[in-house]
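Participant:
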Amino acid sequence: MRVAVVTESFLPQVNGVTNSVLRVCEQFARRGIDAMVIAPGPGPTEWCGFPVVRTPSVPLPGYRDFRLARPYAGMRTLLREFDPDLVHLASPAVLGAQAAVAARKLDIPVVAVYQTDLAGFARRYHLGMTEDAIWRWLRSIHGSAARTLAPSSAAMQQLQSVGVERVRRWRRGVDLDKFNPRHRDAIWRHRHAREGELVVGYVGRLAHEKQVSLLGSLHDVPGVKVVVAGDGPARRQLERQLPNVHFLGFQNGPELARTFASLDLFVHTGPHETFCQAAQEALASGVPVIAPSAGGLLDLVEPGRTGYFFAPGSALELADCVRELTSDSALRCAMSGNARRSVEGRSWNVVGGQLVRHYKEVLADDAHRASSQLRDTHIRGLAHHVAAPWCGICRRGARRHTDPSRRPRSRRT
1098 MRVAVVTESF LPQVNGVTNS VLRVCEQFAR RGIDAMVIAP GPGPTEWCGF PVVRTPSVPL
1158 PGYRDFRLAR PYAGMRTLLR EFDPDLVHLA SPAVLGAQAA VAARKLDIPV VAVYQTDLAG
1218 FARRYHLGMT EDAIWRWLRS IHGSAARTLA PSSAAMQQLQ SVGVERVRRW RRGVDLDKFN
1278 PRHRDAIWRH RHAREGELVV GYVGRLAHEK QVSLLGSLHD VPGVKVVVAG DGPARRQLER
1338 QLPNVHFLGF QNGPELARTF ASLDLFVHTG PHETFCQAAQ EALASGVPVI APSAGGLLDL
1398 VEPGRTGYFF APGSALELAD CVRELTSDSA LRCAMSGNAR RSVEGRSWNV VGGQLVRHYK
1458 EVLADDAHRA SSQLRDTHIR GLAHHVAAPW CGICRRGARR HTDPSRRPRS RRT
């Protein structure tokens, strides 16, 4: 099997989309699947032995570490030369829309993976597009796919409510060896809680929509130290707002695994998650999760068994949840064991096998080609319409930014 993966995000950007694509490629390599990755912006041109073709991009204003794809004229030629059995769209947007058009012209089936709340993203970063326009665009992209894979029940319902059909749930995997209670570190804990306090932590991107400032409500909870691992555009502001919180910066690899396992409680504050991989990694590390009752977190946390929910945006309820668990060591210990057991069947090997089964079902069923109501001109027009704000961003950014990815790069074979 040959699969072309078209993603809106890849290394050196580190986020949920990138991490999922990396793990999927690792599964391809393990299973003997040939692959090519097409991704925006400068960065590595190889991963797991597969070529990574870099396409034009522009930094997001106000968040220059995040790259937005620009239209790529070589998409159709690239796919024709690689000749994949299937195209995998990872959180499709501008690059994904182009790949959907090209795949249809080349009669290649498409599996689209929904992962990012683009409508909310555009609203929060003022990209000049209405939520209705973005949902019309996403409905067209996903409507051209033989199958859309959503990470949670909430994401499935969201897609179906705007008219996306052929939606199936495909959860994200978790590395059960890396994220494991055995990595709990007494030295780490003493460094961050010298008086033996319980350690409550947040791990993730530091951006306004994550509502990390809610952690300020924990200042008055006795016997608690709060740590934050991650980086992002809101870090400096959060450091001023939360002077009693220890900011650890960006972490990865064994350092991140040690941090997760050394926590007593994990708190996720943002309500806009289609899944929330950080919460799943905390559960795998044997750490109870306190999170807003919204989005993908509804599938991950079992209230009273692996953690608690609080009303989205409620600092008071968040503090009450933390206070209850810090005062009940027996409940906290029981939740820790339940947390680990709740994700033991979700290794990337298991989830990778599920993805391949989705591929095989799509390849065995050509009915989508006859039933698709999307026309090439329609999706091309939508791709151009939605790319227009990106082009405006490009023009503004070009005054001070030279993007080396605008020069075509040859594909490694």
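Positions in the sequence shown are counted from 1; adding 1097 to them yields the working numbering.
Glycine included, each C-beta is placed from N, C-alpha and C at the ideal position.
Apart from the five residues just before and just after residue 1196, which ones in its own chain have a Cβ nearer than 8 Å to its Cβ?
Facilitator: Here residue 1196 refers to the residue found at position 99 of the sequence shown. Result list for residue 1196: 1101, 1103, 1135, 1172, 1176, 1184, 1186, 1189 and 1207, in chain order.
Participant: Any heavy atom of the ligand ATP closer than 6 Å to the CB of residue 1232?
Facilitator: With respect to the ligand ATP, the structure shown offers nothing to examine, as it has no ligands at all.
Participant: Measuring only the C-alpha atoms, how far is residue 1164 from residue 1107?
Facilitator: For this step, residue 1164 is matched to residue 67 along the sequence shown. For this step, residue 1107 is matched to residue 10 along the sequence shown. Taking the straight line joining both Cα atoms gives about 9 Å.
Participant: At 4 residues or longer, and completely inside the stretch 1253-1328: list those alpha helix (DSSP H) runs for me, N to C.
Facilitator: Correct list: 1283-1289.
Participant: Starting from residue 1344, follow its DSSP beta bridges and name the residues at the other end.
Facilitator: Here residue 1344 corresponds to residue number 247 of the sequence shown, with the count starting at 1. For residue 1344, which the question treats as bridged, DSSP gives the partners 1325.
Participant: Taking 8 Å as the threshold, find out whether the stretch 1334-1344 comes into contact with the stretch 1257-1266 through three or more Cβ pairs.
Facilitator: Output reads no: the stretch 1257-1266 does not touch the stretch 1334-1344.
Participant: What residue range does the alpha helix (DSSP H) around residue 1358 cover?
Facilitator: Residue 1358 sits at position 261 when you count from the first residue of the sequence shown. Start and end: 1350-1359.
Participant: DSSP on residue 1154, reduced to helix/strand/coil?
Facilitator: Within the sequence shown, numbered from 1, the residue matching residue 1154 stands at position 57. In this structure, residue 1154 counts as strand in the three-state DSSP scheme.
Participant: Use the C-beta contact count for residue 1425: other C-beta atoms within 10 angstroms, 16 or more gives buried, fewer gives exposed.
Facilitator: Locating residue 1425 in the sequence shown gives position 328, where the first residue counts as 1. Residue 1425 is exposed by the Cβ-count criterion.
Participant: Considering Cα atoms alone, identify which of 1307, 1301 and 1313 is closest to residue 1414.
Facilitator: Here the question's residue 1414 lines up with position 317 in the sequence shown. The shortest Cα separation from residue 1414 among 1307, 1301 and 1313 belongs to 1313.
Participant: Which of helix, strand or coil does DSSP assign to residue 1403?
Facilitator: Counted from its first residue, the sequence shown places residue 1403 at position 306. Here residue 1403 sits in coil by DSSP.
Participant: Tell me the DSSP secondary structure of residue 1204 in three-state form.
Facilitator: For this step, residue 1204 is matched to residue 107 along the sequence shown. DSSP places residue 1204 in coil when its eight states are reduced to three.
Participant: Along the chain, where does the alpha helix (DSSP H) containing residue 1363 start, and where does it finish?
Facilitator: Counting from one through the sequence shown, the residue named residue 1363 turns up at place 266. Where residue 1363 is concerned, there is no enclosing alpha helix (DSSP H), although the beta strand (DSSP E) it sits in stretches over 1362-1364.
Participant: Identify whether residue 1191 lies in helix, strand or coil by the three-state DSSP scheme.
Facilitator: The residue you call residue 1191 lines up with position 94 of the sequence shown. Reduced to three states, the DSSP call for residue 1191 is helix.
Participant: Since residue 1099 is in the beta strand (DSSP E), which residue starts that stretch and which ends it?
Facilitator: Within the sequence shown, the letter at position 2 stands for residue 1099. Its beta strand (DSSP E) spans residues 1099-1104.
Participant: Is the number of C-beta pairs between the stretch 1379-1399 and the stretch 1240-1256 that are closer than 8 Å three or more?
Facilitator: With a cut-off of 8 Å, the stretch 1240-1256 and the stretch 1379-1399 count as touching, because enough Cβ pairs lie within range.
Participant: If you follow the beta strand (DSSP E) that residue 1419 is part of, which residue opens it and which one closes it?
Facilitator: Along the sequence shown, read from residue 1 onward, the residue named residue 1419 stands at position 322. No beta strand (DSSP E) holds residue 1419; the alpha helix (DSSP H) holding it covers 1412-1423.
Participant: Hey, residue 1367 and residue 1307: beta-carbon distance below 7 Å or not?
Facilitator: On the sequence shown, residue 1367 is found 270 positions in, with the first residue counted as 1. On the sequence shown, residue 1307 is found 210 positions in, with the first residue counted as 1. Cβ atoms of residue 1367 and residue 1307: closer than 7 Å.
Participant: Buried or exposed: which applies to residue 1284, given that a residue is buried once 16 or more other Cβ atoms fall within 10 Å of its Cβ?
Facilitator: Here residue 1284 is taken as the residue at index 187 of the sequence shown, counted from 1. With fewer than 16 Cβ atoms within 10 Å of its Cβ, residue 1284 is classed as exposed.
Participant: Distance, Cα to Cα, residue 1287 vs residue 1323?
Facilitator: Working through the sequence shown from its first residue, we reach residue 1287 at position 190. Working through the sequence shown from its first residue, we reach residue 1323 at position 226. When rounded, the distance between both Cα atoms is 13 Å.
Participant: Where does residue 1115 land, buried or exposed, given buried means 16+ other C-beta within 10 angstroms?
Facilitator: Against the sequence shown, residue 1115 aligns to sequence position 18. Buried, by the Cβ-count rule.
Participant: Are three or more beta carbon pairs between the stretch 1347-1362 and the stretch 1269-1285 nearer than 8 Å?
Facilitator: Result yes; three or more Cβ-Cβ pairs closer than 8 Å.
Participant: From which residue to which residue does the beta strand (DSSP E) around residue 1387 run?
Facilitator: Here residue 1387 refers to the residue found at position 290 of the sequence shown. Taken as a continuous stretch (DSSP letters only), the beta strand (DSSP E) holding residue 1387 covers 1386-1389.
Participant: Helix, strand or coil: how does DSSP classify residue 1454 here?
Facilitator: As a first step, residue 1454 is located in the sequence shown; it is residue number 357 there, counting from the start. Helix, per DSSP.
Participant: Less than 8 Å between the CB atoms is what I'm expecting for residue 1354 and residue 1363, so what's the real figure, rounded?
Facilitator: Here residue 1354 refers to the residue found at position 257 of the sequence shown. Here residue 1363 refers to the residue found at position 266 of the sequence shown. Actually they are not in contact, since the Cβ atoms of residue 1354 and residue 1363 sit about 13 Å apart, beyond 8 Å.
Participant: Our contact map puts residue 1427 next to residue 1403 with C-beta atoms below 8 Å; I'd like the distance itself, whole angstroms only.
Facilitator: To locate residue 1427, count along the sequence shown from 1; it is residue 330. To locate residue 1403, count along the sequence shown from 1; it is residue 306. Not quite, the Cβ-Cβ distance comes to about 15 Å (not below 8 Å), so this is no contact.
Participant: Where does residue 1170 land, buried or exposed, given buried means 16+ other C-beta within 10 angstroms?
Facilitator: To locate residue 1170, count along the sequence shown from 1; it is residue 73. Per the 10 Å Cβ criterion, exposed.
Participant: Tell me which residue opens and which closes the alpha helix (DSSP H) that residue 1431 is part of.
Facilitator: Taking the sequence shown and counting its residues from 1, the one referred to as residue 1431 is at position 334. 1426-1439 is the extent of the alpha helix (DSSP H) around residue 1431.
Participant: Under the DSSP definition of a beta bridge, which residues are partnered with residue 1149?
Facilitator: Here residue 1149 refers to the residue found at position 52 of the sequence shown. The partner list for residue 1149 (beta bridge, DSSP) reads 1134.
Participant: With burial defined as no fewer than 16 other Cβ atoms inside 10 Å of the residue's Cβ, what is the status of residue 1129: buried or exposed?
Facilitator: The residue labelled residue 1129 in the question sits at position 32 within the sequence shown. With fewer than 16 other Cβ atoms within 10 Å, it is exposed.
Participant: So what does DSSP say about residue 1143, is it helix, strand or coil?
Facilitator: As a working mapping, residue 1143 is identified with position 46 in the sequence shown. Of the three classes helix, strand and coil, the one that applies to residue 1143 here is strand, per DSSP.
Participant: For residue 1289 versus residue 1365, is the C-beta distance shorter than 7 Å?
Facilitator: Translated into positions along the sequence shown, residue 1289 becomes position 192. Translated into positions along the sequence shown, residue 1365 becomes position 268. For residue 1289 and residue 1365, no; Cβs fall outside 7 Å.
Participant: Under three-state DSSP, which class holds residue 1179?
Facilitator: Your numbering for residue 1179 matches position 82 in the sequence shown. Three-state DSSP puts residue 1179 in a helix.
Participant: Suppose the cutoff is 6 Å on Cβ atoms and the five residues either side in sequence are ignored; what does the same chain contact list for residue 1099 look like?
Facilitator: Within the sequence shown, the letter at position 2 stands for residue 1099. Same-chain partners within the cutoff: 1131, 1181 and 1182.
Participant: Just list the residues that DSSP pairs residue 1184 with in beta bridges.
Facilitator: Walking along the sequence shown from the start, residue 1184 turns up at place 87. For residue 1184, which the question treats as bridged, DSSP gives the partners 1101 and 1207.
Participant: Determine the direct distance from the alpha carbon of residue 1228 to that of residue 1217, and round the result to whole angstroms.
Facilitator: Working through the sequence shown from its first residue, we reach residue 1217 at position 120. Working through the sequence shown from its first residue, we reach residue 1228 at position 131. Taking the straight line from one Cα to the other gives about 7 Å.
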